[in-house]
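Novice: Residue numbers (this note's numbering): 221 to 527. Every residue gets a Cβ at the ideal spot worked out from N, C-alpha and C, and that includes glycine.
Laid out in structure tokens, this is it:
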């Protein structure tokens, strides 16, 4: 049985002292003199240097052996070893927030629009895709008369449900009050004040469709737009704190974060990757309960535990 190399107990590298002893022993037997007698001799220095290089090769071989296993590999070698089990390291990801953008109906929010939290230091966010403030995808809207007086019946359609006022002869205030009363959709809060109707979705992150009759228009519209943090990581910001518009957009008047956020993450360290590997290893299966848990952990951003 080999004393050095791969043994039943794993790799056993030959150390520098053992290598040097063998080299001196063989050299002494061949030359017939004790090569260790003078530690300062040229021959002893040469053998020591050669033995040191050989010892480094042994250590390299052990490192190669351990690089094949998730439990002992590090860095890129750990990534390669984990791929045999169908797992990859969790890369850095940004946090995503639902931002209620308020402004003029039809305002375009181009990708890269910059906003920030009202904190010190501020957290900067940018829009991740082109978006638009529009009544066709609104969360909150302030409705007013398009002309000074209502001469025809007023009508509002919310997600396809039509609400109208039957009597166009009412005063402006009465007509708007009647329309506000007529809107009975439980998915919306309706408030009539100062000759305006404020329609706000109960679900603060929902997108809804608003259609108005020709004698009505909007004073302002609020739509949900997704923004991402500039920096990667799980960056938590309380609701209502993201209020600064850093890069001005014509027609965009106000922003505010609502609802829950999607947590980001930093790139997994080796220790974190080894831990998540054991949870994701069932990902290749298609029938086991563990494979469902594994798929959620691997593919859904912000999830850290599944039971």
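Would you decide whether residue 448 is buried or exposed? Buried here means 16 or more other CB atoms lie within 10 Å of its CB.
Specialist: Here residue 448 refers to the residue found at position 228 when the chain shown is read from its first residue. Buried, by the Cβ-count rule.
Novice: So what's residue 486 in DSSP terms, helix, strand or just coil?
Specialist: Numbered from 1 along the chain shown, position 266 holds the residue referred to as residue 486. Residue state, collapsed to three classes: coil.
Novice: Taking the alpha carbon of residue 319 as the reference point, which residue from 438, 465 and 307 has its own alpha carbon closest?
Specialist: Indexing the chain shown from 1 puts residue 319 at position 99. It is 465 whose Cα lies nearest to the Cα of residue 319.
Novice: Pull up the CB-CB distance for residue 484 and residue 223, whole angstroms please, since I reckon it's below 8 Å.
Specialist: What you label residue 484 is simply residue 264 of the chain shown in a count that begins at 1. What you label residue 223 is simply residue 3 of the chain shown in a count that begins at 1. Contact doesn't hold; Cβ gap of about 52 Å is too wide.
Novice: Quick one: grab the DSSP three-state call for residue 432.
Specialist: Numbered from its first residue, the chain shown carries residue 432 at position 212. Here residue 432 sits in strand by DSSP.
Novice: Would you call the CB atoms of residue 267 and residue 244 closer than 8 Å?
Specialist: Indexing the chain shown from 1 puts residue 267 at position 47. Indexing the chain shown from 1 puts residue 244 at position 24. Yes.
Novice: Tell me which residues share the same chain as residue 327 and place their Cβ nearer than 6 Å to its Cβ, disregarding the 5 neighbours each side in the sequence.
Specialist: Taking the first residue of the chain shown as 1, we reach residue 327 at position 107. Result list for residue 327: 353, 471 and 472, in chain order.
Novice: Specify the secondary structure class of residue 231 as computed by DSSP and reduced to three states.
Specialist: Numbered from its first residue, the chain shown carries residue 231 at position 11. If DSSP states are grouped into helix, strand and coil, residue 231 belongs with the strands.
Novice: Check residue 518 in the structure and name its three-state DSSP category.
Specialist: As a first step, residue 518 is located in the chain shown; it is residue number 298 there, counting from the start. Here residue 518 sits in helix by DSSP.
Novice: Specify the secondary structure class of residue 397 as computed by DSSP and reduced to three states.
Specialist: Numbered from its first residue, the chain shown carries residue 397 at position 177. In this structure, residue 397 counts as helix in the three-state DSSP scheme.
Novice: Just to confirm the assignment: which complete alpha helix (DSSP H) runs, minimum length 4, are found wholly within the segment 244 to 326?
Specialist: Listed in chain order, they are 262 to 286 and 295 to 303.
Novice: Going by Cα to Cα distance, which pick from 419, 381, 494 and 461 is closest to residue 297?
Specialist: Position 77 of the chain shown, counted from the first residue, corresponds to residue 297. Out of 419, 381, 494 and 461, 494 has the C-alpha closest to the C-alpha of residue 297.
Novice: Thinking just about the alpha-carbon of each residue, which of 333, 421, 392 and 303 is nearest to the one in residue 357?
Specialist: Counted from its first residue, the chain shown places residue 357 at position 137. Residue 357 has its Cα closest to that of 421, out of 333, 421, 392 and 303.
Novice: Give the DSSP-derived three-state secondary structure of residue 467 in the structure shown.
Specialist: For this step, residue 467 is matched to residue 247 along the chain shown. Three-state result, residue 467: coil.
Novice: Could you give the DSSP three-state label for residue 457: helix, strand or coil?
Specialist: Taking the chain shown and counting its residues from 1, the one referred to as residue 457 is at position 237. Residue 457: coil per DSSP, three-state reduction.
Novice: Return the CA-CA distance between residue 365 and residue 463, expressed in angstroms with no decimal places.
Specialist: Taking the first residue of the chain shown as 1, we reach residue 365 at position 145. Taking the first residue of the chain shown as 1, we reach residue 463 at position 243. Cα-Cα distance, rounded: 29 Å.
Novice: Using alpha carbons as the reference points, say which of 407, 277 and 439 lies closest to residue 426.
Specialist: Here the question's residue 426 lines up with position 206 in the chain shown. Ranking the options by Cα distance to residue 426, first place goes to 407.
Novice: Taking DSSP's pairing of strands, which residues face residue 345 in a bridge?
Specialist: Reading the chain shown from its first residue, position 125 is the one you call residue 345. DSSP, once it has assigned bridges, lists 335 and 449 as partnering residue 345.
Novice: Please check the pair residue 360 and residue 291, which I expect to be a contact at CB under 8 Å, by giving their CB distance rounded to whole angstroms.
Specialist: Mapped onto the chain shown, residue 360 falls at position 140. Mapped onto the chain shown, residue 291 falls at position 71. About 53 Å separates the two Cβ atoms, so there is no contact after all.
Novice: Using C-beta distances below 8 Å, list every residue in its chain close to residue 501, excluding the 5 sequence neighbours before and after it, in chain order.
Specialist: Along the chain shown, one-based indexing puts residue 501 at 281. Taken in chain order, the residues that qualify are 305, 306, 307 and 514.
Novice: Three or more C-beta pairs under 8 Å: does that hold for the segment 328 to 347 against the segment 451 to 458?
Specialist: These segments touch.
Novice: Can you tell me the Cβ-Cβ gap for residue 439 and residue 333, rounded? I've got them flagged as a contact below 8 Å.
Specialist: The count along the chain shown starts at 1 and reaches residue 439 at position 219. The count along the chain shown starts at 1 and reaches residue 333 at position 113. The Cβ separation is near 22 Å, so there is no contact.
Novice: When the Cα atoms are used, what is the spatial distance from residue 325 to residue 521?
Specialist: By 1-based counting over the chain shown, the position of residue 325 is 105. By 1-based counting over the chain shown, the position of residue 521 is 301. Distance between the alpha carbons of residue 325 and residue 521 is about 32 Å.
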